[in-house]
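Q: Got a structure for you, questions after.
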Amino acid sequence: MRIVFFNLVLLFISVCVSGQTDTVSIFINTGQHLLVDSSTVPAKAFNSTSEFKLDGQLFRFTKGQDVILQITNTDTIGHTIEISEYGFSAFIDSGKSVNTPITFSSKGLFQMYSTTEYPNQKYLGLSGLITVESNWDNSFYWNIKEFQSSYNLAVQNGDTIDFANYKPNYFLINGKSNPDIATDTLAKIRGKVGDTLTLHILNSGNSVHSLHFHGYHFKIIASSRTSDVVGWIKDTYPVYAGERTILQMVPDKAGEYPVHDHNLVATTANNYYPNGMFITMIITE
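Each residue of the sequence shown is one higher than the one before, starting from 1 at the first, in our numbering.
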């Protein structure tokens, strides 16, 4: 009888846990972002704490997960935050917090971003990745963007800017450039021959980035821009501004191979090469 009762208690606990609603903290932060050449620019970011850090801004969930997003705005202006394809919208005034429920019912890659003064606040960095997956084994994540450093200060000061004359001079993966990006375990693709490796990419910038992979071809699993490309097997793919795409590859040989933007300007940082969008993959036997 005691064994039966104990098993019933365990069953009750497991049911309660599986049906729980998780609270996830998201902070809207501002700060000075350190670039690869030791210069800084004003920037903003979504973080899990009140410490400013412009990185991949990745938030991972499982399909069917019920969540309360507790969003705290440490910025001096209010922000309306939306999540692509989910119909999620929440306004958070300066210095305030809101709790908003959401159920992540669909698998995929989504963008969380500020629509305030669009696209200026998103340009400063308020554009993060939300992934809804069953597991995260052999998965990697790139939030790619670019800055024209003079624009960062202009947006911060409330000045008018014109993206028609946009000439970016810094190019980032998860907020970093080569060689700093090599230490980012979310970005640095590592695996073994025969592994299925999945790369989730959000272009949160305002330019097209044509990514070229040496050594291997990849299959396009999903694209928010067009379904026509799904199933293509390529070694180069242009990721358009605002596009979310998922690529998958199965390496057939060991080695270290580069991945870089085919636009050579994007492999530089303020004209210094190769301090831009450049990283290597490491595959072992």
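Every residue gets a Cβ at the ideal spot worked out from N, C-alpha and C, and that includes glycine.
From the DSSP output, read off the bridge partner residues of residue 261.
A: 211
Q: Is it the case that the CB of residue 206 approaches a heavy atom of the ligand PLP more closely than 7 Å?
A: Only the bare structure without any ligand can be found here, which leaves the ligand PLP out of the picture.
Q: Roughly how many angstroms lie between the CA atoms of residue 227 and residue 109, to the nearest whole one?
A: 14 Å
Q: Can you say whether residue 4 is buried or exposed, counting buried as having 16 or more other CB atoms within 10 angstroms of its CB?
A: Bear in mind that a pLDDT of 38 at residue 4, under 50, signals an unreliable position, so the model cannot answer this.
Q: Would you list, in sequence order, the uninterrupted alpha helix (DSSP H) runs of no fewer than 4 residues that lie entirely inside the region 54–142?
A: 120–123
Q: Suppose the cutoff is 6 Å on Cβ atoms and the five residues either side in sequence are ignored; what does the same chain contact list for residue 139 look like?
A: 198
Q: Using 10 angstroms around the beta-carbon of residue 35, count the other beta-carbons present and answer buried if the total reaches 16, otherwise exposed.
A: buried
Q: Residue 20: buried (16+ other C-beta within 10 angstroms of its C-beta) or exposed?
A: exposed
Q: Given that a residue counts as buried once 16 or more other Cβ atoms are within 10 Å of its Cβ, and exposed if not, what is residue 232?
A: exposed
Q: Which residues in the same chain have their Cβ closer than 6 Å to the Cβ of residue 59, if we skip the five residues on either side of it in sequence?
A: 130
Q: Which same chain residues end up closer than 8 Å to residue 230 when comparing Cβ atoms and leaving out the 5 residues on each side of it in sequence?
A: Result list for residue 230: 220, 221, 222, 223, in chain order.
Q: Below 8 Å on the Cβ atoms is my guess for residue 276 versus residue 177; work out the distance and round it to an integer in Å.
A: 5 Å
Q: Is residue 269 closer than 8 Å to residue 170 when the C-beta atoms are compared?
A: yes
Q: Let's see if you can read the secondary structure: which residues bound the beta strand (DSSP E) around residue 248?
A: 244–249
Q: On the CB-based measure, 16 or more other CB atoms within 10 Å of its CB, does residue 32 come out buried or exposed?
A: exposed
Q: Nearest CA to the CA of residue 82: which residue from 71, 75, 76?
A: 71
Q: With respect to the alpha helix (DSSP H) encompassing residue 38, which residues constitute its N-terminal and C-terminal limits?
A: Where residue 38 is concerned, there is no enclosing alpha helix (DSSP H), given that its DSSP letter is neither H nor E.
Q: Give the secondary structure of residue 186 by DSSP, where H, G and I count as helix, E and B as strand, and everything else as coil.
A: coil
Q: Is residue 165 helix, strand or coil by DSSP?
A: In this structure, DSSP gives residue 165 a helical state, which the three-state scheme calls helix.
Q: Taking the beta strand (DSSP E) that residue 152 belongs to, which residues open and close that run?
A: From DSSP, residue 152 is part of no beta strand (DSSP E) but of the alpha helix (DSSP H) over 149–156.
Q: Is the distance from the Cβ of residue 201 to the Cβ of residue 247 below 8 Å?
A: Yes. Within cutoff.
Q: Looking only at its own chain, which residues have a Cβ that is under 8 Å from the Cβ of residue 274, when we skip the five neighbours before and after it?
A: 178, 260, 267, 268
Q: Here's the rule I'm using: 16 or more other beta-carbon atoms within 10 Å means buried, otherwise exposed. How should residue 101 be labelled?
A: Using a 10 angstroms sphere on the CB of residue 101, the tally of other CB atoms stays under 16, which defines it as exposed.
Q: Taking just the CA atoms, how far does residue 127 sit from residue 91?
A: 15 Å
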